[in-house]
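In what follows, a single structure is set out as structure tokens and then discussed.
In UniProt numbering, the protein residues as written are 1 to 286.
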């Protein structure tokens, strides 16, 4: 799959029904059978999208629709259609945190047929500059919160017919506090990896949490301010690594079991909040 990515800070709402979204005028009246859903990465959801009525979102994006995008796509696809489909993804995947807040996905992949990908991909950054602010506004109106910055990627899926697309999403927490250089990471015996961010595991260890006092700050509402401490003892070849719960609300989960203390090694995986964390060697592709 070819992939283009645009990253921006991010929110929207959409029709309750899910089905087909036709990108080109030549396929709007098509009665072709929807494609069989592909197997998706664990932790993600997928649905087929369909054009419809997009209420106030349509008005907010009217300028873009009638401007550069209308001239570029000539009816194939409009920002309001992508926005409305992602808005519905927020509504469908919202997870209750408390009476006033719900956690929603912030990482989206839109999979397109070759024809539609070739037409849309060159405009992905410009398109996201219109779509992402609407997602952010919609989330604020609905009491939704994002774990981290909103990203929308556009991928080619050769199995899809022209005019159809799928959306997958995940809540991916932003990570701060790892200022280690690439050379420091390469020299480390083991590293901790959180949502693509790597940090060397050197003595005495690292504190994980959501607050400013944590060494690695993970923007996950299910993580406490000082959630867990990873202790590292010994030299490179003889390191002993343990993890200890610091009195968190949601604990540490290893192999589906909640624990307060555990021994870790290369290849260990655990969860705090809704975030999965790995212990690996610097050269591993996790």
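For glycine and all other residues, C-beta sits at the position ideal for the given N, C-alpha and C. These figures come from a predicted structure and were not determined experimentally.
Ordered list of alpha helix (DSSP H) runs contained in the segment 180-267, each at least 4 residues: 182-187
As assigned by DSSP and simplified to three states, the class of residue 277: strand
Beta carbon of residue 144 nearer than 8 Å to that of residue 84: no
Residue closest to residue 129, alpha-carbon to alpha-carbon, out of 153, 220, 89: 153
C-alpha distance - residue 87 paired with residue 177, whole-angstrom precision: 31 Å
Closest residue to residue 199 among 135, 102, 279 (Cα-Cα distance): 279
contact_flag[the segment 102-113, the segment 132-147] where n(CB pairs < 8 Å) is 3 or more: Short answer: they touch.
Beta-bridge partners of residue 112, as assigned by DSSP: 156, 165
Segment contact, 8 Å Cβ cut-off, at least three pairs: the segment 169-186 with the segment 119-129: no
Three-state secondary structure assigned by DSSP to residue 103: Residue 103: strand per DSSP, three-state reduction.
Backbone secondary structure at residue 97 - three-state DSSP: coil
Own chain, CB closer than 7 Å to residue 223, minus 5 neighbours either side, in chain order: 209, 210, 272, 273, 275
Bridge-paired residues (DSSP) for residue 144: 102
Separation of residue 238 from residue 172, as counted between CA atoms: 33 Å
Buried or exposed by the 16-neighbour rule on C-beta atoms within 10 Å, applied to residue 213: exposed
Where residue 84 sits in the DSSP three-state scheme: helix
CB-CB length for residue 90 against residue 139, believed under 8 Å: 6 Å
Inter-residue CB distance, residue 266 and residue 216 (contact presumed, cutoff 8 Å): Rounded, the Cβ-Cβ distance is 18 Å, inconsistent with contact.
Selection from 219, 195, 202 that minimises the alpha carbon distance to residue 186: 202
Classification of residue 234 by the beta-carbon crowding that lies within 10 angstroms, buried from 16 upward: exposed
Cα-Cα separation, residue 242 to residue 263: Rounded to whole angstroms, residue 242 to residue 263 spans 4 Å at the Cα level.
Local conformation of residue 170 per DSSP, three classes: In this structure, residue 170 counts as strand in the three-state DSSP scheme.
Integer-rounded CB distance, given that residue 207 should sit under 8 Å from residue 226: So it is a contact: roughly 6 Å between Cβ atoms.
Residue 168 classed as buried or exposed, judged by whether at least 16 other C-beta atoms fall within 10 angstroms: buried
Pair within 8 Å by beta-carbon distance, residue 112 and residue 156: yes
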